[in-house]
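Peer 1: This is the structure I have questions about; it appears just below.
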Amino acid sequence: MISDTILLLVLLPALLIAWKDANARWLMMTLLGIQILDMSMYQVAITWVHHYYLWCLALNLLFIIVVLGRKQWAGAAYSCSKLPFFKEVILKYNLTTLECALILMYMCSGVVCALVWIEVQLYSFKIITTPYLYHYVFTAAQSVIHALEVCAVASYITRLRDQLNNGALHGNH
């Protein structure tokens, strides 16, 4: 849960820094939205005990779907609202290195969650005696993935800030 809070604390200023770039702003908004959903559902999802790992898997899939479908989501939002921002996102959309890295991280996290869920089920039905992944891998793997996610967002936003500053200095932005 601490890593979720750290990510939130990185995403909030990242959104402000990304504000001038429609593509980056939309990415930060979508990541922030799902992060808020994740944090707000945590107290409920953790009570699902054995099925908490399915929630984590579903959340990873949601992150992947939203990140991969950002242009389509912007198109749907534009169709409903006609806000120029969404049209700009559609026109200027490009798949960023950050998105590719995030998708890879969400896939790795999803695989870990799926394996732990299977292992917990096997343990609860007394098919296995010790859930090794649950005890020794899950928390460490998720912590590393969340730390990498924070670093990736921070790196992306730092480069974006530098590009925006250089573009503004040269009259290109």
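The sequence shown: position 173 = 172 (numbering that gives the first Met the number 0), numbered continuously.
Glycine included, each C-beta is placed from N, C-alpha and C at the ideal position.
Is it true that the CB of Gly-109 sits closer than 8 Å to the CB of Asn-165?
Peer 2: With respect to Gly-109, Asn-165 sits apart: the two C-beta atoms are not nearer than 8 Å.
Peer 1: Would you mind listing the alpha helix (DSSP H) stretches within the stretch 3 to 39 that are 4+ residues and don't spill past its ends, in chain order?
Peer 2: Correct list: empty.
Peer 1: May I have the straight-line CA-CA distance separating Ser-39 from Thr-4, to the nearest angstrom?
Peer 2: If you take the alpha carbons of Ser-39 and Thr-4, they lie about 11 Å apart.
Peer 1: Beta carbon of Leu-6, beta carbon of Val-149: below 8 Å?
Peer 2: yes
Peer 1: Can you tell which of Tyr-135, Ile-64, Val-143 has the C-alpha that lies nearest to the C-alpha of Glu-98?
Peer 2: Ile-64
Peer 1: Can you list, in chain order, the residues of its chain with a C-beta nearer than 8 Å to that of Tyr-131? Leave out the 5 residues immediately preceding and following it.
Peer 2: Glu-118
Peer 1: Might you give, ordered along the chain, the residues of its own chain that have their beta carbon closer than 8 Å to the beta carbon of Ile-127, omitting 5 neighbours on each side?
Peer 2: Cβ within range, chain order: Glu-118, Leu-121.
Peer 1: Quick check: the stretch 150 to 157 against the stretch 13 to 25, are there 3 or more CB pairs under 8 Å?
Peer 2: yes
Peer 1: Could you give the distance in angstroms between the alpha-carbon of Ala-44 and the alpha-carbon of Leu-36?
Peer 2: Rounded to the nearest angstrom, the two C-alpha atoms are 11 Å apart.
Peer 1: So Lys-70 and Tyr-105 are supposed to be a Cβ contact under 8 Å. How far apart are they, rounded?
Peer 2: Going by Cβ atoms, the distance from Lys-70 to Tyr-105 rounds to 18 Å, so no, they are not a contact pair.
Peer 1: Mapping DSSP to helix, strand and coil, what is Lys-86?
Peer 2: helix
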